[in-house]
Amino acid sequence: MKPQTAFQQISDAMNAAIIGQESVVERLLIAFLADGHVLMEGLPGVAKTRSIKTLGRLVDSEFRRVQFTPDLLPSDVTGSEIYR
2 MKPQTAFQQI SDAMNAAIIG QESVVERLLI AFLADGHVLM EGLPGVAKTR
52 SIKTLGRLVD SEFRRVQFTP DLLPSDVTGS EIYR
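If you use this note's numbering, the sequence shown corresponds to residues 2 to 85, in order.
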């Protein structure tokens with residue numbers, strides 16, 4: 002299968018699962034292909050988690066999510082802790 006065909010199939014499947022978010026789907030796929038990270042911001046209910054879960058399922062990948070709060074520390078993301 003050509004990479005363009007695979008990209009189009011994933012894009013079509015994501016757009017079917019997340020209605021009206023074509024630009025978000027395109028940017029997620031670009032970040033995925035570029036081996037990048039994505040910080041998704043938005044109001045509740047705009048399919049942020051659903052879009053990432055859908056992409057993870059389509060590419061048979063593990064899904065992880067970090068809920069950002071005002072008291073979030075770097076060790077909360079990396080998992081390392083420093084004891085003094």
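Don't be surprised by glycine CBs; every beta carbon is placed ideally from N, CA and C.
- Residue state for F8 is assigned as helix, using DSSP reduced to three classes.
- Bounds of the alpha helix (DSSP H) holding T50 are 49 to 59.
- By the criterion of a C-beta distance shorter than 8 Å, F33 is surrounded in its chain by L56, V60, once the five residues flanking it on both sides are discounted.
- Comparing alpha carbon positions, the residue from A35, V47, L40, E42 closest to Q22 is V47.
- Closest by C-alpha distance to I11, out of D72, M41, E42, K54, is K54.
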